[in-house]
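Report on one structure; see the data block that follows.
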Amino acid sequence: MTSHLGVMMLFAAAVSIVFATLQRDEVRAQLRLAGRLFAALVGGAYVAGWLMHLIFR
Amino acid sequence: MSASSTTSRERRDAGLADAGPNRIGVIVLAWLVPGAAHAWLGQPRKAVVFFVVLCGMFVTGLALSGRLLPFQVADPLAFLAAIAQWGLGVPRIVAAMAGAGQGVVTAATYEYGNTFLIAGGLLNMLVALNASDLASARSRA
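Residue numbers (the working numbering), protein chains in the order written: chain A, -19 to 37; chain B, 5 to 145.
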């Protein structure tokens, strides 16, 4: 998995899991926060990528 | 001043050692082995998560041809990146002793690898701070 998207998703997953484990104590709350962080990181990268594509093409 | 710190001071004045774990020891342990301090503080599940994810990030960084940077004061960004990579104590030492992390600048994944190595170290610094807070709370309790 050496595509930019694949590596970026792997990175986002790792960061999300560590932050959620640090910030929450219950497993369900950790999973919920990790999912939200992962979605925000990947979604943010998509939005930033499209903005750069539209602005700098 | 909070009531808990007064209690801690009273304990010290009375010549009694705090029952909580040594805060410096906790930080050093957390720095050396990701998750070890949380295991020591009675949070084994969090310890396993930190160990698996942070060591996984470090190994992924090496597998993606990332470079273990030396301390170069002449290059401030590389110097800061080296400090961040040292956030993972034992994995960084073992990898350096094994000759891993030479880095392949021409590889397409070189910068990805460096990002994993740097972010893994920085995240372990956060984990160490969290463990320090836990130890401090135990001492005050």
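Note that CB positions come from ideal geometry on N, CA and C, so glycine has one too.
Identity of the residues DSSP links to residue 47(B) by a beta bridge: The partner list for residue 47(B) (beta bridge, DSSP) is empty, contrary to what the question assumes.
Can residue 117(B) and residue 66(B) be called in contact, C-beta distance under 9 Å? yes
From what residue to what residue does the alpha helix (DSSP H) around residue 1(A) run? -16 to 3
Starting from residue 106(B), follow its DSSP beta bridges and name the residues at the other end. 71(B)
Helix, strand or coil for residue 130(B) per DSSP? helix
Hey, is residue 33(A)'s beta-carbon within less than 9 Å of any beta-carbon in chain B? no
Contact check, residue 38(B) vs residue 128(B) under 8 Å by CB: the rounded distance? 5 Å
So residue 92(B) and residue 62(B) are in contact, right, with Cβ under 8 Å, and what is the actual spacing, rounded? 5 Å
Member of 9(A), 7(A), 14(A) and 4(A) whose CA lies at the smallest distance from the CA of residue -10(A): 14(A)
Nearest-angstrom Cα distance between residue 141(B) and residue 52(B)? 22 Å
C-beta contact flag for residue 58(B) and residue 105(B) at 9 Å: no
Please state whether the Cβ-Cβ distance between residue 28(B) and residue 133(B) is less than 9 Å. no
Amino acids of chain A, ordered along the chain, whose beta-carbon sits closer than 8 Å to that of residue 60(B): -6
Can you list, in chain order, the residues of its chain whose CB lies under 8 Å from that of residue 120(B), leaving out five sequence neighbours each side? 61, 62, 64, 65, 68 and 70
Member of 49(B), 112(B), 50(B) and 72(B) whose CA lies at the smallest distance from the CA of residue 98(B): 72(B)
Could you say which of 55(B), 94(B) and 135(B) lies nearest to residue 102(B) if we only look at CA atoms? 94(B)
Is DSSP giving residue 22(A) helix, strand or coil here? helix
Is DSSP giving residue 90(B) helix, strand or coil here? coil
Exposed or buried, residue 33(B), counting other C-beta atoms within 10 Å across all chains shown (16 or more means buried)? buried
For residue 39(B), name the three-state secondary structure that DSSP assigns. coil
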